[in-house]
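Counting from 22, one number per residue, gives the positions in the sequence shown under the numbering used here. Ideal Cβ positions, reconstructed from N, Cα and C, are used throughout, including at glycine. Heads up, the thing below is written out as C-alpha cells.
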Amino acid sequence: MNHPIARTPEEWAAALAARGERAFVAKQVFGWIHKKGVVDPSKMTNLSAKLRQALADEKLSEWMTLDHVHHSADKTRKLVLRLADGVTIETVLLPSVSGPGSPADIDADSAAAPDDDEDDEAEAAPLPNVVRVTQCISTQVGCAMGCVFCASGVAGLKRHLEAHEIVGQVLAGKALLGDNEQLRNVVFMGMGEPLHNYDATARALKLLTHPEGIGLSTRRVTVSTSGLVPEIERLGKDFGGQVALAISLHAADDSTRSAIMPINRKYPIGELMAALRAYPLPKRRRITIEYTLVAGKNDGPDQAHRLSQLLRGVRVKVNLIPMNPIAASALGPSDWERVLSFQKVLTDAGYSCFVRRRRGDDVSAACGQLALLGAKPKVKGFKEGRL
Ligand code: SAH
Ligand code: SF4
22 MNHPIARTPE EWAAALAARG ERAFVAKQVF GWIHKKGVVD PSKMTNLSAK
72 LRQALADEKL SEWMTLDHVH HSADKTRKLV LRLADGVTIE TVLLPSVSGP
122 GSPADIDADS AAAPDDDEDD EAEAAPLPNV VRVTQCISTQ VGCAMGCVFC
172 ASGVAGLKRH LEAHEIVGQV LAGKALLGDN EQLRNVVFMG MGEPLHNYDA
222 TARALKLLTH PEGIGLSTRR VTVSTSGLVP EIERLGKDFG GQVALAISLH
272 AADDSTRSAI MPINRKYPIG ELMAALRAYP LPKRRRITIE YTLVAGKNDG
322 PDQAHRLSQL LRGVRVKVNL IPMNPIAASA LGPSDWERVL SFQKVLTDAG
372 YSCFVRRRRG DDVSAACGQL ALLGAKPKVK GFKEGRL
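Structure, rendered in C-alpha cells:
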C-alpha cells in the first residue's frame, strides 16, 4: 500500500469517497501536499475539521525529518533527510551558475538537464533574476550495481526507497528554495539505480509531473541509468519517450565496461545500444550519454574514437565527468589535458560534448559521492507548516 503522500488525485478521490467526501476535496488535498508543499493537516485551512483530523490520524506528516543542510561555497546545498526507519538519504540542490538562459546552465552537474535549444513546446520565459535550480534525487539507499568508481556502488544496496520518499525529497528541496529560486529540473542521479526500483520511480515520475501538483514538465525530469535494458524499454513505453533519459556508459567496449560496471555482464553494450535506438525519443530531443573519465581506465584517445563510432546515428549529447574521488577507491580523475583531448575527438566527430564542472565538492555533493551518513538528527521538520 502506498503512503498517502504517494497517492494520485484519483487515489485520493477513491480514498475520500469511502469517507463520503466529494470529488473536489481530493484535488484540494493533493494540491495542499504537492503544489503548496503543506503536509500538516492542521494547516489545510479549506478542509473540514473532521477531515483534517482523519488526515492527521493517517500520520501524513510524520515520515521524514530534515536532518541537516550542508551549504557549499558555490551555493549548492546538500540535504540529509532521515526516514521513518532512521535511515538517512541525500538530495542536492544545484542553482544555475550564471543566471537564467545562460549556456553555462548546462555545463554544471545539472548537465543532464535538457538544453533550452531543444525546447519544442512554447514555455513561459523565465522572470528576470530568477535562478533556476536543478535537484538531484536518490531512489535507493546505496546501490546494488557495484560500479567501482561510485560511493553508492561500493556501499551496496541497503533498501529501495518508496515513492513518497522519492517525491518527499523534492518537497523538502522546494521548501528550502529562496524567493528568487525556481525548481526547473529534477535529475534521478543521486544514490541508487532508479530502474532497479522501477515501480516507485515510475510513480514518483507521475507525481512530480502531475499538473495539479509540482507540475514539472516531463522532459525536465531526467532518469539516469547504468543500463537496465528491459526497464529502459518499459520506461519508453510507460511514458511515451517523454521522460529524459541519461545513460551511464563510461566505456565503449565490453571488456572495459564490465571491469568498471558489473551490470555490463548482464546487459552488454550491443543490447544497450539497441535499447537506445528503440527508445521513442520525441523529435529534437537527445539522449544524454554520461561518461565518467577514470584515469588510466577509459580515458585514452583510442577509447574516445571507439565511443564516437559506437554513438554514430543515435541522437545523443555526451557529458564527460572527470571522476570525483571517493574514499573507498584509489581510482581517480583523468588529468585535464586528457579530458580535453577526449572531448576534442568527440566534438571533431560532430557530437555535442560537454565537460561537467564539479559542484558542491566541499560538501561531498558531487556525482557519485552521495553516501550513507550516520549523523544524529539536528533539525526537526522543515519550514513551519511544511513536512
Ligand atoms: N544509478 C544511476 C544514477 C545515479 S549515478 C546511474 O548510474 O546512472 C549518477 C551518475 O554519477 C552516473 O552517471 C554515475 O556513473 C556517475 N558517477 C558515479 N560515481 C561517480 C564518481 N565517483 N565520479 C563521477 N561520476 C560518478
Ligand atoms: Fe549504482 Fe549508478 Fe553508482 Fe553504478 S553509478 S553503483 S548504478 S548509483
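Span separating the alpha-carbon of residue i from that of residue j
i	j	result
His231	Ala39	23 Å
Pro149	Trp53	28 Å
Trp84	Lys318	42 Å
Asp88	Ala172	20 Å
Ala349	Leu68	51 Å
Lys193	His24	For the record, residue 193 in the displayed sequence is Ala; it is not Lys. Looking at the two C-alpha atoms, the distance is approximately 16 Å.
Lys48	Pro30	6 Å
Gly163	Leu115	21 Å
Ala165	Tyr312	20 Å
Arg43	Tyr372	54 Å
Lys99	Ser159	12 Å
Simplified DSSP assignment, three categories, for residue i
i	result
Arg73	helix
Leu226	helix
Asp356	coil
Arg333	coil
Asn218	helix
Ile26	helix
Thr109	strand
His231	coil
Lys80	coil
Asp320	coil
Asp369	helix
Leu192	helix
Leu204	strand
Arg98	strand
Neighbourhood of residue i by C-beta distance below 7 Å, restricted to the same chain and skipping five residues each side
i	result
Thr368	Cys374
Ala225	Ala184, Ile187, Val188
Arg240	Pro135, Gln263, Ala265, Arg306
Own chain, CB closer than 6 Å to residue i, minus 5 neighbours either side, in chain order
i	result
Thr243	Ala133, Val208, Ala265, Ala267
Arg359	Asp320
Ile310	Ile268, Leu270, Val337, Val339
Cys168	Gly174, Met282
Neighbour-count burial assignment, residue i, 16 or more Cβ in a 10 Å radius
i	result
His181	buried
Met22	exposed
Leu102	buried
Lys195	buried
Trp357	exposed
Ala351	exposed
Thr66	exposed
Phe45	exposed
Gly199	exposed
Gln156	buried
His55	buried
Gln330	exposed
Glu79	exposed
Arg153	buried
Arg286	exposed
Close-in-space but distant-in-sequence residues of the same chain around residue i (CB under 8 Å, 5 per side omitted)
i	result
Ser362	Pro322, Ala325
Ser63	Arg73, Ala77
Lys5	The chain is shown only over 22 to 408; residue 5 falls outside these bounds and no answer can be derived.
Quiz item: Whole beta strand (DSSP E) runs in the segment 144 to 187 with 3 or more residues, listed along the chain?
Solution: 152 to 157
Exercise. Write down every uninterrupted run of the alpha helix (DSSP H) in the segment 240 to 317 whose length is 4 residues or greater and which is fully enclosed by it, in chain order.
Key: 250 to 259, 275 to 281, 284 to 287, 290 to 299
Self-check item: 4 or more residues per run - each alpha helix (DSSP H) lying fully within the segment 30 to 73
Solution: 30 to 38, 44 to 51
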